[in-house]
Amino acid sequence: MNWNNTQIKLREFINHNLFNGLVIKITKDNEDIYFENFGYSDKENEIKIQKDNIFALYSMTKPVTVVACLLLIQRNQLSLEEPIKKFYSDFNEKIKIKHLLNMTSGLTYFWNNSDSGKEIKNAFDLVENENITLQKFCEKVSKSKVISEPGTEWHYGVSLDIIGGIIEKVTNQPFNEFLEENIFSVLEMKDTAFYVKDLERKTKVYDFKKSIDGNKLTANDNFHFLMPFTNKQPLASLGGSGLFSTASDYAKFLNFLIDGKINGIQFLEKELLDLMRSDQLKEIKDSFKWTFNKDYSYGYGVRVRLKNDLHPLTEIGEFGWDGALGSAGLVDPKNNITMTFLSSSYPGNNKIVQTELFDAVYKDLRELNIIK
1 MNWNNTQIKL
11 REFINHNLFN
21 GLVIKITKDN
31 EDIYFENFGY
41 SDKENEIKIQ
51 KDNIFALYSM
61 TKPVTVVACL
71 LLIQRNQLSL
81 EEPIKKFYSD
91 FNEKIKIKHL
101 LNMTSGLTYF
111 WNNSDSGKEI
121 KNAFDLVENE
131 NITLQKFCEK
141 VSKSKVISEP
151 GTEWHYGVSL
161 DIIGGIIEKV
171 TNQPFNEFLE
181 ENIFSVLEMK
191 DTAFYVKDLE
201 RKTKVYDFKK
211 SIDGNKLTAN
221 DNFHFLMPFT
231 NKQPLASLGG
241 SGLFSTASDY
251 AKFLNFLIDG
261 KINGIQFLEK
271 ELLDLMRSDQ
281 LKEIKDSFKW
291 TFNKDYSYGY
301 GVRVRLKNDL
311 HPLTEIGEFG
321 WDGALGSAGL
331 VDPKNNITMT
341 FLSSSYPGNN
351 KIVQTELFDA
361 VYKDLRELNI
371 IK
């Protein structure tokens with residue numbers, strides 16, 4: 001098959017110095033229909049990127065954490081209506097598990113210039129610089145004030161990191177071990193962890209800058225934003241940003257999200273999966289600041305396409321999320337299609353990926369008669 005639009009767009013990304021190297025994997029019915037690598041893992045030494053390179057997922061970690069939480073809800077060990085004050089006494093009493101899942105907790109990220117944002121930044125700094133535990137991180141964040149009444153506004157933030165801490169308390173095991181036992185080993189995601197399992201396959205991060213002379217990429221050998229880029233498990237496994245993975249591993253996870261089944265067995269109940277990938281904001285949808293396309297709302301840890309009126313046209317019901325280095329995941333349940341796109345530039349040109357690349361991929365899917 002000739003993926004002409006997609007290949008032109010990806011080569012353009014490389015030629016225009018948006019990214020140093022890329023891996024893309026598209027599947028239909030859990031079978032590869034397009035799997036390619038472009039560019040370099042190490043541009044200076046002309047080391048080409050490989051299909052099994054390991055990338056930092058950053059916020060593409062969030063849907064994994066959501067599934068972990070939903071598994072505990074399925075096992076009646078947690079509930080959506082449970083106040084999180086039960087686990088950390090200093091949190092606002094109105095925050096419930098569902099508010100963490102749909103980002104309406106009122107907890108923000110460190111780039112918010114409020115007092116709360118500054119307190120949360122301090123907690124992340126302790127993870128990065130002092131390697132504190134996830135429990136100490138959550139306790140630190142619990143003292144932060146909310147910037148809006150829980151349930152009333154969407155704010156991108158630390159919510160899913162807190163879910164990881166709650167999972168540790170409920171299960172009496174480290175969050176990374178829970179994910180390994182209940183998701184990664186079950187899906188045979190052998191390269192996925194909160195550390196780099198094989199340093200030989202680690203993808204170098206490049207700093208992206210625009211200049212008068214054009215885009216520039218500069219290798220950053222010491223990049224470690226929010227988490228260590230090493231082969232050692234950190235004390236705090238951040239459920240909002242901490243995972244490393246490969247395209248093949250993450251594609252296994254995305255394919256699982258099509259129906260929640262593993263080898264024909266319903267591993268995650270359809271009702272819970274449907275909650276994850278349906279509009280959880282409803283009347284407060286206007287507070288959703290994912291501005292690439294107004295046809296979307298937010299579910300649990302993922303954007304959710306409600307209409308297909310605005311470009312790029314994908315499919316109603318398509319969902320997924322992206323990461324700080326430009327990577328993006330997409331699940332199209334109607335057509336049984338997933339797309340895993342992994343990149344390693346900071347900042348990640350996410351808007352370009354999720355407009356121009358999404359458009360190119362869906363043009364090819366339609367021109368190749370893979371979908372109608």
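Following full-length UniProt numbering, the numbering of the sequence shown begins with 1 at its first residue and continues without gaps. We put the CB at the ideal spot given by N, CA and C, even for glycine.
{"Query": "Give the single residue among Ile163, Lys96, Ser241, Arg201 whose Cα lies nearest to the Cα of Trp321.", "Result": "Ser241"}
{"Query": "Please report the straight-line C-alpha distance between Ala247 and Lys98, rounded to a whole angstrom.", "Result": "29 Å"}
{"Query": "Ends of the beta strand (DSSP E) at Asn4?", "Result": "Looking at the DSSP string, Asn4 is not in any beta strand (DSSP E); the run it does join, the alpha helix (DSSP H), is 4-15."}
{"Query": "Below 8 Å on the Cβ atoms is my guess for Ser116 versus Ile147; work out the distance and round it to an integer in Å.", "Result": "5 Å"}
{"Query": "Which term fits Met103, buried or exposed, when burial requires 16 or more other beta carbons within 10 angstroms of its beta carbon?", "Result": "buried"}
{"Query": "Count Cβ pairs between the stretch 215-226 and the stretch 351-364 that sit closer than 8 Å; are there 3 or more?", "Result": "no"}
{"Query": "Could you pull out every residue in the same chain whose Cβ sits closer than 7 Å to the Cβ of Tyr362, ignoring the five residues on either side in sequence?", "Result": "Pro312, Leu313, Thr314"}
{"Query": "Just reading off the alpha helix (DSSP H) that Asn129 is part of, what are its end residues?", "Result": "115-130"}
{"Query": "How many Å lie between Ser79 and Tyr34 at the Cα?", "Result": "39 Å"}
{"Query": "Give me, in chain order, the residues of the same chain whose beta-carbon lies closer than 8 Å to that of Asn308; leave out the 5 immediate sequence neighbours on both sides.", "Result": "Asp295, Thr314, Glu315, Ile316"}
{"Query": "Please list, in chain order, all residues of the same chain as Leu238 whose beta carbon is under 6 Å from its beta carbon, the five residues on each side excluded.", "Result": "Asp161"}
{"Query": "In the DSSP assignment, find the unbroken alpha helix (DSSP H) run with Thr65 in it and report its ends.", "Result": "62-74"}
{"Query": "Can you look up Tyr156 in the DSSP assignment and give me helix, strand or coil?", "Result": "coil"}
{"Query": "Write down the C-beta distance between Ala68 and Ile132 rounded to the nearest angstrom, noting that I regard them as a contact closer than 8 Å.", "Result": "Not quite, the Cβ-Cβ distance comes to about 21 Å (not below 8 Å), so this is no contact."}
{"Query": "Count the other CB atoms, across all protein chains shown, that sit within 10 Å of the CB of Lys96; report buried if there are 16 or more and exposed otherwise.", "Result": "buried"}
{"Query": "Have a look at residue 373 and Glu93 and give me their C-alpha separation to the nearest angstrom.", "Result": "Past the boundaries of the shown model lies residue 373; the chain is included only from 1 to 372, so the question cannot be answered."}
{"Query": "Write down the C-beta distance between Leu342 and Leu18 rounded to the nearest angstrom, noting that I regard them as a contact closer than 8 Å.", "Result": "About 14 Å separates the two Cβ atoms, so there is no contact after all."}
{"Query": "For residue 376, count neighbouring C-beta atoms within 10 Å of its own C-beta (all shown protein chains included) and say buried if the count is 16 or more, exposed if not.", "Result": "The question about residue 376 has no answer, for the chain in this structure spans 1 to 372."}
{"Query": "Quick check on the DSSP output: what are the complete alpha helix (DSSP H) runs of length 4 or more inside the stretch 227-312, in order along the chain?", "Result": "247-259, 270-276"}
{"Query": "Does Thr340 come out as helix, strand or coil in the three-state DSSP assignment?", "Result": "strand"}
{"Query": "Going by C-alpha distance, which of Leu187, Lys121, Gly329 is nearest Val158?", "Result": "Lys121"}
{"Query": "DSSP puts Val331 in a beta bridge; with which residues?", "Result": "Phe319, Thr338"}
{"Query": "Using DSSP's beta-bridge definition, name the partner residues of Pro83.", "Result": "Lys96"}
{"Query": "According to DSSP, simplified to helix, strand and coil, what is Ser144?", "Result": "coil"}
{"Query": "Helix, strand or coil: how does DSSP classify Glu44 here?", "Result": "coil"}
{"Query": "Report yes or no: do three or more beta-carbon pairs, one from the stretch 327-340 and one from the stretch 23-43, lie closer than 8 Å?", "Result": "yes"}
{"Query": "Taking buried to mean at least 16 other C-beta atoms within 10 Å of its own C-beta, is Ser114 buried or exposed?", "Result": "exposed"}
{"Query": "So what does Val23 bridge to, in DSSP terms?", "Result": "Asn37, Leu342"}
{"Query": "Return the bridge partner residues of Phe208 from the DSSP annotation.", "Result": "Leu217"}
{"Query": "I want to know whether the stretch 222-232 touches the stretch 195-207 - three or more CB-CB distances under 8 Å.", "Result": "yes"}
{"Query": "Which residues does DSSP list as the beta-bridge partners of Glu31?", "Result": "Lys28"}
{"Query": "Quick check on Lys351: does DSSP put it in helix, strand or coil?", "Result": "helix"}
{"Query": "Identify the continuous alpha helix (DSSP H) that holds Lys363 and give its terminal residues.", "Result": "358-367"}
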